[in-house]
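Residue numbers for the sequence shown follow this note's numbering, beginning at 436 and rising by one. Think of the CB as a built atom: it goes at the ideal place given N, C-alpha and C, for glycine as much as any other residue. These numbers come from a predicted model, not from an experiment. Encoded as C-alpha cells, the structure appears first; notes follow it.
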Amino acid sequence: MLRLKFDSQGKDSLRQVLCLGAHSDDIEIGCSGTLLKLIDQFPDISIYWVVFGANGQRKEEALASAYVLLKDVKKKTILIKDFRDRFFPYIGSEIKEFFDHLSKDVSPDLILTHYHKDLHQDHRLISDLTWNAFRDHMILEYEIPKYDGDLSNPNFFVHLDSVIYEKKITHLMEYFATQSNKQWFTEETFSSILRLRGIQSNAPNKYAEAFYSRKAIFL
436 MLRLKFDSQG
446 KDSLRQVLCL
456 GAHSDDIEIG
466 CSGTLLKLID
476 QFPDISIYWV
486 VFGANGQRKE
496 EALASAYVLL
506 KDVKKKTILI
516 KDFRDRFFPY
526 IGSEIKEFFD
536 HLSKDVSPDL
546 ILTHYHKDLH
556 QDHRLISDLT
566 WNAFRDHMIL
576 EYEIPKYDGD
586 LSNPNFFVHL
596 DSVIYEKKIT
606 HLMEYFATQS
616 NKQWFTEETF
626 SSILRLRGIQ
636 SNAPNKYAEA
646 FYSRKAIFL
C-alpha cells in the first residue's frame, strides 16, 4: 500500500487545513482523529473550521467541541453558520455565495469535506460546492454512518494509534449530548467503523479513518 506524506518542512509542508461540515458533529465524526494526528505532527498548522448549520444547543456544542479539539492550534478560525438543517438544497444560492467568499479568504493545502455520494442532501450539497469553489486543492471526502446505508469503498486511509482513537470516541460521547437519543450515536458505532477501516488498510494499531480521494497528483 502506497504511503503519501506532507513534508514536515519546505514548500510541501502542511500549512493550512480547511474543515467543512454541514452539521455540528460531522467534522468530529468524519475526521477528528486525522485532525488530532495532523495537529501533533505539524505544530504550526493553521485550521479554518466551518459548520454550516447549527443553532441553539447544537451551536453551543459545535463551538465547545471545536475549541477543545483545536486547543493546541495557535492559528485557527471557527465559524458556525445557521443555515437551516435539512433545507440546504433549497437555499443553495446562499450557501454558494458563502463559498465564493470563503474561496477568496483561504487557499488551504488540504480540505476535508463530505463524501460526494453521501445520501444526506445537506452533506452532498456541501461536497458539491467544495469542489465548485476549490478547483486546484487537495480534497479528501470523509464518511458519516447513518440510516441511509451509504458507506462505500474508500480509497484513502489515515491510521490512528490507540491514544487518538480513545480521544476521538471520548470526545464524541462528551460533547454532543443532543445526539444521545439516537440509537446509532454510540461508542460501538464509531469504534466499529474505525476498526473496519483499520482492517481494510492493515493499520498496525487496528484503527483508521477513511476518505475518498477523487483527484490526486503524484510526483
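Burial state of F487, where buried means 16 or more other Cβ atoms lie within 10 Å: Here residue 487 corresponds to residue number 52 of the sequence shown, with the count starting at 1. Flag for F487 reads buried.
Just the C-alpha distance for L470 and Y525, rounded to the nearest angstrom, thanks. Here residue 470 refers to the residue found at position 35 when the sequence shown is read from its first residue. Here residue 525 refers to the residue found at position 90 when the sequence shown is read from its first residue. Rounded to the nearest angstrom, the two C-alpha atoms are 31 Å apart.
Just mark R632 as buried or exposed, buried being the case when its beta carbon has 16 or more other beta carbons within 10 Å. Locating residue 632 in the sequence shown gives position 197, counting from the first residue. With 16 or more Cβ atoms within 10 Å of its Cβ, R632 is classed as buried.
How big is the Cα-Cα spacing for P589 and E495? Taking the first residue of the sequence shown as 1, we reach residue 589 at position 154. Taking the first residue of the sequence shown as 1, we reach residue 495 at position 60. Taking the straight line from one Cα to the other gives about 32 Å.
Rounded separation between D557 and Q614 - CA only: Indexing the sequence shown from 1 puts residue 557 at position 122. Indexing the sequence shown from 1 puts residue 614 at position 179. So the alpha carbons of these two residues sit roughly 18 Å apart.
Contact under 8 Å by Cβ, Y502 with L453: Here residue 502 refers to the residue found at position 67 of the sequence shown. Here residue 453 refers to the residue found at position 18 of the sequence shown. No. Outside cutoff.
Only counting the same chain, and skipping five residues up and downstream in sequence, which positions put a Cβ closer than 7 Å to that of K531? In the sequence shown, counting from the first residue as 1, residue 531 sits at position 96. Answer for K531: L564, listed in chain order.
Only counting the same chain, and skipping five residues up and downstream in sequence, which positions put a Cβ closer than 6 Å to that of T621? Taking the first residue of the sequence shown as 1, we reach residue 621 at position 186. Same-chain partners within the cutoff: there are none.
Test: Y577 CB closer than 8 Å to a CB of chain B: No chain B appears in this structure, which consists of one protein chain only.
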